[in-house]
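The next block holds one structure in the form of structure tokens; read it before the comments.
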Amino acid sequence: MQTVKGPALTSPARLCFIVEEKYENDVMPSVVADVLSSWGHEVDVLRPHAMLADISGLTASHGAYDAYVLKTVSSGPGLSILEAVGAAGLRTVNDYRAIRLARDKVVAASVARAAGIPFPATFFASRSDLLHQVPRGLFPLVVKPNNGSSCERIVRVDSPEQLDEVDLDDSGYLLVQPYLPNPGHDVKLYNTGDEVFAAVRQSPLHRSTEVVEELVPVTPELRALTLAVGEAFGLDIYGLDVVQTRHGWVVLDVNDFPSFGGVPDVARKLARTVLRLARRSAAAAQDSAPVSNLMEASA
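See the structure below:
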């Protein structure tokens, strides 16, 4: 495990970043760890693809961190490690249960719809040949991997006859939704934990449409929608893909710890959120400690 330290502060936090191979050389989340280090906090980086993870040590009272931060691929090993420390009652960012809700897309659809969040009708297929059972009246369809990420392998199928012509990913389960007519681009909504940002992004279903990708104003409606998603899932740092239809804004996907592309000063914003959550967890643990332990700590 690599340790990166900054100048000492009065009470520096101890933080563990779990970084999977796909993100090892990416800007996010390394820039957040760098900022926290520069503020004087101790940051350890655990790379599950390259090192043995000592779960007993990570969860031991003498070796536990103030918070564990994960940026993961959908089915990567990092989530298992995060869930292990979370199950021991330690602070994870995001909450490990919230990440699981967002990562399984059919579960995410159920959570959103149960909370009254506008979300497309959703079907689950264990294999692609089951899509022939979709009623003709629901076409065109959007088909995506149930554990997909980064807008990968999303396909539009216009008719039942086209099912045998398109290349559908059969490596895992599939999520199926009716296609919603839209302006030809998506809007990404980001919550850094303190602020909400919106950005126009290229739609994976409209690659030929020219789109100027840029930050746009966050309307009260978009802000309320973003906060409602965070509350429903229990997420602190997250993003969502939305599209504007003739019936209003509809959520297409929920992402824990997205890339936050274009958000100004995002590393410092996220670092403040991680630190706030770590400190809140430490304060809660202190408040719940037995009186004898508190007396020993003050002695």
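Per the numbering used here, the sequence shown starts with residue 1, numbered consecutively.
Beta carbons: idealized from backbone N, C-alpha and C, even for Gly.
Worksheet item: Hey, how far is the Cα of F139 from the Cα of W249?
Response: Walking along the sequence shown from the start, residue 139 turns up at place 139. Walking along the sequence shown from the start, residue 249 turns up at place 249. Distance between the alpha carbons of F139 and W249 is about 21 angstroms.
Practice prompt. Report yes if the CB atom of L141 is closer than 8 angstroms to the CB atom of V187, and no otherwise.
Written response: Position 141 of the sequence shown, counting from 1, holds the residue named residue 141. Position 187 of the sequence shown, counting from 1, holds the residue named residue 187. The Cβ atoms of L141 and V187 do not sit closer than 8 angstroms to each other.
Worksheet item: If we call anything under 8 angstroms between Cβ atoms a contact, is L189 one with L240?
Response: Position 189 of the sequence shown, counted from the first residue, corresponds to residue 189. Position 240 of the sequence shown, counted from the first residue, corresponds to residue 240. Closer than 8 angstroms, so yes.
Worksheet item: Is the region 228-238 touching the region 248-265, taking contact as three or more C-beta pairs under 8 angstroms?
Response: Segments in contact, yes.
Fill in: Coarse secondary structure for L174, derived from DSSP in three states
Position 174 of the sequence shown, counting from 1, holds the residue named residue 174. Three-state result, L174: strand.
Worksheet item: Which class does V379 belong to by DSSP, given the choice of helix, strand or coil?
Response: The question about residue 379 has no answer here: the residues shown for the chain are numbered 1 through 299.
Worksheet item: If you draw a straight line from the alpha carbon of V27 to that of V229, how long is it in whole angstroms?
Response: Start at 1 with the first residue of the sequence shown, and residue 27 comes out as number 27. Start at 1 with the first residue of the sequence shown, and residue 229 comes out as number 229. For V27 and V229, the gap between their C-alpha atoms comes out near 26 angstroms.
Worksheet item: Where does G89 fall in DSSP's three states?
Response: Along the sequence shown, one-based indexing puts residue 89 at 89. Of the three classes helix, strand and coil, the one that applies to G89 here is coil, per DSSP.
Worksheet item: Roughly how many whole angstroms lie between the Cα atoms of G76 and C16?
Response: Along the sequence shown, read from residue 1 onward, the residue named residue 76 stands at position 76. Along the sequence shown, read from residue 1 onward, the residue named residue 16 stands at position 16. When rounded, the separation of the alpha-carbon atoms in G76 and C16 is 17 angstroms.
Practice prompt. Look up R276 in the DSSP assignment and say whether it is helix, strand or coil.
Written response: Along the sequence shown, read from residue 1 onward, the residue named residue 276 stands at position 276. Here R276 sits in helix by DSSP.
Practice prompt. For A64, collect the residues of the same chain with a Cβ closer than 6 angstroms to its Cβ; drop the 5 residues on either side in sequence, then sort them by chain order.
Written response: Within the sequence shown, numbered from 1, the residue matching residue 64 stands at position 64. Excluding residues within five positions, the ones whose Cβ falls inside 6 angstroms are L90.
Worksheet item: Can you list, in chain order, the residues of its chain whose CB lies under 8 angstroms from that of N146, leaving out five sequence neighbours each side?
Response: Reading the sequence shown from its first residue, position 146 is the one you call residue 146. Short of 8 angstroms from the beta carbon of N146, and not among the five residues preceding or following it, lie these beta carbons of its own chain, in chain order: D104, K105, V106, F124, G172, Y173, L174 and L175.
Fill in: Enclosing alpha helix (DSSP H) for A112 [first to last residue]
To locate residue 112, count along the sequence shown from 1; it is residue 112. A112 -> alpha helix (DSSP H) spans K105 to A114.
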